[in-house]
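Asks: Each residue of the sequence shown is one higher than the one before, starting from 1 at the first, in the numbering used here.
Sharing a structure here in structure tokens format.
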Amino acid sequence: MDFGAYLDVFEKILHDPAPKKPYDNPDYFNYAKLNWSRMHRWLKQAKLAPEAQEAVMQVKAPQQWIIITEPWCGDAAHSVPLMELIAAMNPLISVDYQLRDSPPFLIDNYLTNGGKSIPKLIIRNSEGKDLGTWGPRPAECQALYNSLTAEKADFETLKTALQKWYNKDQGQAIMAELTAVIRGSLADKF
């Protein structure tokens, strides 16, 4: 699905009077509502790093970006809008959104330390060869996550700490890491 279709799926969840699993759980439903707001804030206010803009404009052959995500994912609310805005700058890049928890379960081929962590970006050439991947979160944020998990922090503490990290970083780490992945994808000679 394209970004518009992903937004439609997201919005239908938020307006469904009897949401399906996992959104029938109030926690998941509330995460989705919060993520909708965060995602739209990024779409309106994001200032793309010049390095990211420069890198994406260096893509001279068609690429397909596959973004595996879910509306309940807090990390996705911060990174998916930046991926979309960067990709939209270059007409040679097509983006396909796939839900982690729905067929074809592509995430099973892109596990992070054995887990189905999202969001996950896969960059492919026109022949379907993987040129690079990114996700589920910037390295510094992942280190914070790992530290809090090792300390057995409760979910509320973990969620709050990650949100504070994202707010402070303002998308800079995501853009820097995406820039590196895009530049790495250019090394492929198609």
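Just so it is clear, CB atoms sit at the ideal spot from N, CA and C, and this is done for glycine as well.
If distances are taken between C-alpha atoms only, which option among 137, 147, 24, 127 comes closest to residue 69?
Replies: Position 69 of the sequence shown, counted from the start, is the residue given in the question as residue 69. Selected option, being the one with the closest Cα: 137.
Asks: Leaving out five residues on either side along the sequence, give the residues of the same chain with a beta carbon under 7 Å from the beta carbon of residue 13.
Replies: On the sequence shown, residue 13 is found 13 positions in, with the first residue counted as 1. Counting only Cβ-Cβ distances below 7 Å, and skipping sequence neighbours, we find 19, 23, 32, 71.
Asks: Can you give, in chain order, each stretch of the alpha helix (DSSP H) that sits fully within the stretch 110 to 157 and has at least 4 residues?
Replies: The qualifying runs are 139 to 150.
Asks: Using a 10 Å radius around the Cβ and a threshold of 16 neighbouring Cβ atoms, would you call residue 105 buried or exposed?
Replies: Locating residue 105 in the sequence shown gives position 105, counting from the first residue. Counting the other CB atoms within 10 Å of its CB gives residue 105 a total below 16, which places it among the exposed residues.
Asks: Could you pull the DSSP bridge partners for residue 68 from this structure?
Replies: Position 68 of the sequence shown, counted from the first residue, corresponds to residue 68. Answer is 98, 120.
Asks: Put residue 63 into one of helix, strand or coil per three-state DSSP.
Replies: If you number the sequence shown from 1, residue 63 lands on position 63. Residue state, collapsed to three classes: strand.
Asks: Let me know the secondary structure DSSP gives residue 7 once reduced to three states.
Replies: Counting from one through the sequence shown, the residue named residue 7 turns up at place 7. Residue state, collapsed to three classes: helix.
Asks: With contact counted as at least three CB pairs below 8 Å, one residue from each stretch, are the stretch 29 to 45 and the stretch 129 to 136 in contact?
Replies: no
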